[in-house]
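To start, the structure under review is shown below, and the notes come after it.
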Amino acid sequence: MPDQLINLTIDGTPVSVPPGTLVIEAAKQAGVLVPHYCYHPGLPVAGVCRMCLVEIEKAPKLQIACATTVTEGMVVKTQTAPAKDARQGVLEFLLINHPLDCPICDQAGECELQDFVFQEGQSGTRYAEFAKRFNPVEDFGPDVLYVPNRCILCTRCVRYMEDVAKEPVLNVSERGDRAFIGIHPEARLDHPWAGNVVDLCPVGSLLSKDFLHKARAWELDKTASICTGCSQGCSISLDTRDEVVVRVRPRPNLEVNKYFICDHGRMHYRWMNRGDRVEAPLVRRDGELKATDWDEAFAKVLSIVRGASGKAVALVSPGASNEALAAAKRLLSGFQWTGAFQVVMGEEAPLPGVPNLALRAERAPNAKGAENLGYTRDYAGALEAAKSAAVVLVLDDSDCAVQTNGALIYVGTVLGAEAPCRSAEVVLPVTNVAEEEGTFTNRDGREQRYFQAKPAPGMAQPAAWILDQLVKAMGHAEARR
Amino acid sequence: MGFPHKSHPKETVVLSQYFGDADARTYKGWTKRGGYEALTQALKMEPNAVTDVVKESGLRGRGGAGFPTGLKWSFMPKEKKRAHYLCVNADESEPGTFKDREIMRWTPHALLEGTAIAAHAIRAEVAYIYIRGEFTEPWTIMSRALEDANAAGVFGSIKVHLHRGAGAYICGEETALMNSIEGKRGNPRIKPPFPAAAGLFGLPTTINNVETLAAVPHILKRGAAWYKGLCLSNPKSTGTKLFSVCGHVQRPGNYEVTMGFPLKDLLYDMCGGPPAGRTLKACIPGGSSVPILTREETEACLLDYEGVVASGSMLGSGGVIVFDDSADMVYQIMRLARFYAHESCAQCTQCREGTAWTTKIMERILAGQGKPKDLDLLLDLSENMTGKTICVLSDSCAAPIVSGIKKFRGEFEAYLAGKKQPVMVHA
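Those protein sequences? They're chains A and B, same order as listed. Residue numbers for the first sequence follow this note's numbering, so the first one is 3 and each next one is one higher. Residue numbers for the second sequence follow this note's numbering, so the first one is 126 and each next one is one higher.
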């Protein structure tokens, strides 16, 4: 906390901010969003769109709020006639070469050009009878298309690649009204964090191929979640249309991921929509797994757990929530317990401009949480122990090569035709991360909550809830004994 | 001296004394003419003392803005903690201006001497001379002169680099010039920070125009009082100034006069006035970026920073563009607008879109397809383009539009009313 705060007034509202704060940020504290395009808190200031012009008392002319630092006693007015006229002028200039193809534009509905024109622009144009600038669509990279006609040259993408990704493959090419965003002729926009340019683009000029034409912005529901792509634990928004996850976007979190997520995380959602889910509890009857109701399934689990003693092994997914992992351990508390998980490894890919932010080699969101609860990384040892264990519980790890002479309980989302867990005595269908609420602990020990974005299929329930019910039932039975 | 014409008696020849004298180009020839004496003198002085002399002389920036040179030097950090840079703006790209070109062509050592003195005054160890890309001859001459000066040990420990521009008008803007030297796109930077705080490579930098620096050795040698005495009108404008006169005059060229000299005398006496049988119609006194003056305003104008402002324009770079009664002002203004539309760096919205839109409207008017509201539209766009951008290129496009419509509205209206033969304009 700085010793001294700077006091200023914005549209009549007094605010106090640390020295060095930009007027545009101070205005947010006063509840005033100064319209802007080139400014982004995660990027260096460019001051080029000239949209955030505001009146500052004693200044000889209008100032841009994004490049002006606060001073004591400053009086900022965003709604005076000169400021509004200036911004209206900018909007008119921005629109003269803009195709206004909103009906077919992916950005429509979440477009800052639309928003600010709607807020303070004009309904007509004086740019009549001239052709608009045309440049064909460019394929920038694996997931990025560039539509130059919609571009307003805010240079957020250029600055992101240069200063944050530190792979300066984009530039402003040409001059004057011929300018467009250019890409190095021998380069692709394929940096592992390149997809952020799509989110940064205030208009529909940089598009995600993955999201292209999937939904209109107003059809989307947004749910706060945590990325499951690796152990970094980036804050994300799961965007769903009806009951399908169609897009993953970063959610600002200054402590973890700033305003960004990597492309791996961005694409790591299709599995959430899988249709081949276990939708009902299954119990083994006459040597075959048969669908049943929760009562019978619970009774079966309880009889297995109550009827056994000695060794129990839990083979868990490091993508399970802390709550599920804790309950799974409690359920087997009467046994000589071994718990382990295995993590898929990949290549680490840092975002150089942000300290301690990377796509981590450990591609699991909750390995740290599992460790904290006593699960170990000795997966091979646990598999070996499982062979002679009385009870083996597999938590959402359907492909694990489990073999046991004891009773196998499988708690999971999917169960392939050839999956080893087909040998389970009982199968309990659970929800995935998009269908439940819970917490993950990221690699730095930060526990973060995610929320439910879509309904669960069939009878599936959150693993934490199921295991909790079983723990309670066990406790009840033990008390009675 | 109105090279290639003979010097006019009304001129005050200081900077242009050796224009046309090829021997003055050489190191030997320059020292024979008293060259580098001022540098020797300056090097014996404390840097601050040199700055004080320049301050006292009243010398103001000759690139266009007219900022007091000594004051600018004194903005450099008092305590030198990091490297200091000197930039010499030899990008002279303002249409109508060709004074720095002649200084570099004929008296390259005058510029080098001024550069060495300035570098001493601001305690810079490195100086960059940024020469306009199109200046092939000055480039060759400057390269040779720098070689000779280095061989003679003129610069001591100061390293001087010549940097060649690639032909962008905007690289004459001081911060764009610095970006260009750094190898970046020549885009003007947001100010503050000003160059004295964070300039070239983020370090304290002073940037001066060629003509400004060429005047510095004379000031040191002959004294601040002498320079201050060179003043015909307002005491805030001192010394001599080179005016590059082009367009409809009989003897176009560079003329050096004392500050406060009447523009009328420059045009009629020195340049011989408009061609025979023609009359003066308009004049742009300070390079293409300043407002246009009518004949009456021109004939009443005194050539110093305050005098030209009083007449409704600006002294600018001293590039005087003259139009006689045969000139089509609508066409001329279209050409200026087209220049700015071509040269806009594309950073600021108003400039990127506004200069091009302005040009399209001007072309439409010339083609006989103007709309009745076009003049109001042009004025409104100009209003939106003035005082709202990072640099003044946008303002420079608006200035001739606004002054042109105000002063020559009749010519615009003739096109709009179909009373004038349309002009087909090609880009």
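All C-beta atoms in this analysis are idealised placements derived from N, C-alpha and C, irrespective of residue type, glycine included. Fair warning: this is a prediction, and the values are worked out from it, not measured in the lab.
Next on the checklist: Just checking: is the beta-carbon of residue 425/B within a distance shorter than 9 Å of some beta-carbon in chain A?
Outcome noted: Here residue 425/B refers to the residue found at position 300 of the second sequence. It does not: the Cβ of residue 425/B has no partner Cβ on chain A nearer than 9 Å.
Checklist entry - So what's residue 65/A in DSSP terms, helix, strand or just coil? => result In the first sequence, counting from the first residue as 1, residue 65/A sits at position 63. Three-state result, residue 65/A: strand.
Next on the checklist: Please classify residue 253/A as buried or exposed, where buried requires at least 16 neighbouring CB atoms within 10 angstroms.
Outcome noted: Residue numbering aside, residue 253/A sits at position 251 when the first sequence is read from its first letter. It is buried - the Cβ of residue 253/A has at least 16 other Cβ atoms within 10 Å.
Item to check | Beta-carbon proximity list for residue 192/B, same chain, < 6 Å, skipping 5 on both sides | outcome: In the second sequence, the residue the question calls residue 192/B occupies position 67. Taken in chain order, the residues that qualify are 186.
Checklist entry - Alpha carbon to alpha carbon, how far is residue 396/B from residue 291/B? => result Counting from 1 along the second sequence, the entry for residue 396/B is found at position 271. Counting from 1 along the second sequence, the entry for residue 291/B is found at position 166. When rounded, the distance between both Cα atoms is 32 Å.
Next on the checklist: Determine, for residue 230/B, whether the minimum Cβ-Cβ distance to residues of chain A falls below 9 Å.
Outcome noted: As a working mapping, residue 230/B is identified with position 105 in the second sequence. It does not: the Cβ of residue 230/B has no partner Cβ on chain A nearer than 9 Å.
Next on the checklist: For residue 273/B, report the span of its alpha helix (DSSP H) as first-last.
Outcome noted: To locate residue 273/B, count along the second sequence from 1; it is residue 148. Unbroken alpha helix (DSSP H) run through residue 273/B: 261-276.
Item to check | Cβ-Cβ distance between residue 146/A and residue 79/A below 9 Å | outcome: On the first sequence, residue 146/A is found 144 positions in, with the first residue counted as 1. On the first sequence, residue 79/A is found 77 positions in, with the first residue counted as 1. Contact: no.
Checklist entry - Is the stretch 426-437 of chain B touching the stretch 399-406 of chain B, taking contact as three or more C-beta pairs under 8 Å? => result no
Next on the checklist: Does residue 237/A pass the burial test, meaning 16 or more other C-beta atoms within 10 Å, or should it be called exposed?
Outcome noted: Within the first sequence, the letter at position 235 stands for residue 237/A. Buried.
Checklist entry - Are residue 251/B and residue 283/B touching if we call contact CB-CB under 9 Å? => result Working through the second sequence from its first residue, we reach residue 251/B at position 126. Working through the second sequence from its first residue, we reach residue 283/B at position 158. In contact: residue 251/B and residue 283/B (Cβ atoms closer than 9 Å).
Item to check | Unbroken beta strand (DSSP E) run spanning residue 334/B, endpoints | outcome: Looking up residue 334/B in the second sequence gives position 209. It spans 330-334 - the beta strand (DSSP E) in which residue 334/B sits, taken as one unbroken run.
Item to check | Same chain, Cβ closer than 6 Å to residue 8/A, neighbours up to 5 away in sequence not counted | outcome: As a working mapping, residue 8/A is identified with position 6 in the first sequence. Closer than 6 Å at the Cβ level, and outside the excluded window around residue 8/A, lie 19, 21, 72 and 74.
Item to check | Residues sharing a beta bridge with residue 558/B, DSSP | outcome: This structure does not reach residue 558/B, given that chain B is present from 126 up to 552, and the question cannot be answered.
Checklist entry - Just curious, the alpha helix (DSSP H) that residue 1/A is in, first and last residue? => result In this structure chain A extends from 3 to 483, so residue 1/A is not present and cannot be described.
Checklist entry - Does the beta carbon of residue 41/A sit closer than 9 Å to a beta carbon anywhere in chain B? => result Position 39 of the first sequence holds residue 41/A. Judged by the 9 Å Cβ criterion, residue 41/A is not in contact with chain B.
Checklist entry - Nearest to residue 285/A by CA position, among 278/A, 279/A and 296/A, is which residue? => result Residue 285/A sits at position 283 when you count from the first residue of the first sequence. Among 278/A, 279/A and 296/A, the Cα nearest to that of residue 285/A belongs to 296/A.
Next on the checklist: Give me the residue from 343/A, 336/A, 388/A and 321/A with the minimum Cα distance to residue 442/A.
Outcome noted: Translated into positions along the first sequence, residue 442/A becomes position 440. Checked all of 343/A, 336/A, 388/A and 321/A; the closest Cα to residue 442/A is 321/A.
Item to check | Coarse secondary structure for residue 209/A, derived from DSSP in three states | outcome: For the purposes of this step, residue 209/A is identified with residue 207 of the first sequence, where counting begins at 1. In the structure shown, residue 209/A sits in a strand (DSSP, three-state: E or B).
Item to check | Residue from 475/A, 371/A, 30/A and 362/A with nearest C-alpha to residue 323/A | outcome: Here residue 323/A refers to the residue found at position 321 when the first sequence is read from its first residue. Nearest of 475/A, 371/A, 30/A and 362/A to residue 323/A, Cα basis: 371/A.
Item to check | Residue burial classification, residue 223/B (beta-carbon count within 10 angstroms, cutoff 16) | outcome: Working through the second sequence from its first residue, we reach residue 223/B at position 98. Result: buried.
Next on the checklist: Within a Cβ cutoff of 6 Å, which residues of the same chain sit near residue 487/B, ignoring the five residues on either side of it in sequence?
Outcome noted: Residue numbering aside, residue 487/B sits at position 362 when the second sequence is read from its first letter. If we look at residue 487/B and ignore the five residues flanking it on each side, its Cβ neighbours are 459 and 462.
Next on the checklist: To the nearest angstrom, how far is the alpha carbon of residue 32/A from that of residue 15/A?
Outcome noted: Taking the first residue of the first sequence as 1, we reach residue 32/A at position 30. Taking the first residue of the first sequence as 1, we reach residue 15/A at position 13. Rounded to whole angstroms, residue 32/A to residue 15/A spans 6 Å at the Cα level.
Checklist entry - From which residue to which residue does the alpha helix (DSSP H) around residue 476/B run? => result Taking the first residue of the second sequence as 1, we reach residue 476/B at position 351. 474-491 is the span of the alpha helix (DSSP H), which, as asked, contains residue 476/B.
Checklist entry - For residue 459/A, which three-state DSSP category applies? => result Translated into the one-based positions of the first sequence, residue 459/A becomes position 457. Residue 459/A falls in the coil class under three-state DSSP.
Next on the checklist: Can you list, in chain order, the residues of its chain with a C-beta nearer than 7 Å to that of residue 143/B? Leave out the 5 residues immediately preceding and following it.
Outcome noted: Counted from its first residue, the second sequence places residue 143/B at position 18. Excluding positions up to five away in sequence, the list reads 149, 158, 231 and 232.
Next on the checklist: Which of the three DSSP states is assigned to residue 435/A in this structure?
Outcome noted: Mapped onto the first sequence, residue 435/A falls at position 433. In the structure shown, residue 435/A sits in a helix (DSSP, three-state: H, G or I).
Next on the checklist: For the structure I just gave you, are there three or more beta carbon pairs, one from the stretch 470-482 of chain B and one from the stretch 497-510 of chain B, closer than 8 Å?
Outcome noted: yes
Next on the checklist: Run through the DSSP bridge pairs and tell me what residue 141/A is partnered with.
Outcome noted: By 1-based counting over the first sequence, the position of residue 141/A is 139. DSSP output for residue 141/A lists 147/A as bridge partner(s).
Next on the checklist: So if I threshold CB-CB distances at 8 Å, which residues from the stretch 182-195 of chain B count as touching chain A?
Outcome noted: none
Checklist entry - Under 7 Å Cβ-Cβ, which residues of chain B neighbour residue 98/A? => result Along the first sequence, one-based indexing puts residue 98/A at 96. Near residue 98/A (Cβ distances below 7 Å), the residues of chain B are 478 and 482.
Next on the checklist: Let me make sure I understand the geometry here. Which of 314/B, 217/B and 137/B has the alpha-carbon closest to that of residue 366/B?
Outcome noted: Position 241 of the second sequence, counted from the first residue, corresponds to residue 366/B. Measuring from the Cα of residue 366/B, the nearest candidate turns out to be 137/B.
Item to check | Simplified DSSP state of residue 347/A, which is helix, strand or coil | outcome: Counting from one through the first sequence, the residue named residue 347/A turns up at place 345. Of the three classes helix, strand and coil, the one that applies to residue 347/A here is strand, per DSSP.
Checklist entry - For residue 249/A, which three-state DSSP category applies? => result Here residue 249/A refers to the residue found at position 247 of the first sequence. Residue 249/A falls in the strand class under three-state DSSP.
Next on the checklist: Against chain A, which members of the stretch 496-520 of chain B pass a CB distance test of less than 7 Å?
Outcome noted: 502, 509, 512, 513, 514 and 515
Item to check | Span separating the alpha-carbon of residue 501/B from that of residue 521/B | outcome: Here the question's residue 501/B lines up with position 376 in the second sequence. Here the question's residue 521/B lines up with position 396 in the second sequence. Cα to Cα, the separation comes out at about 18 Å.
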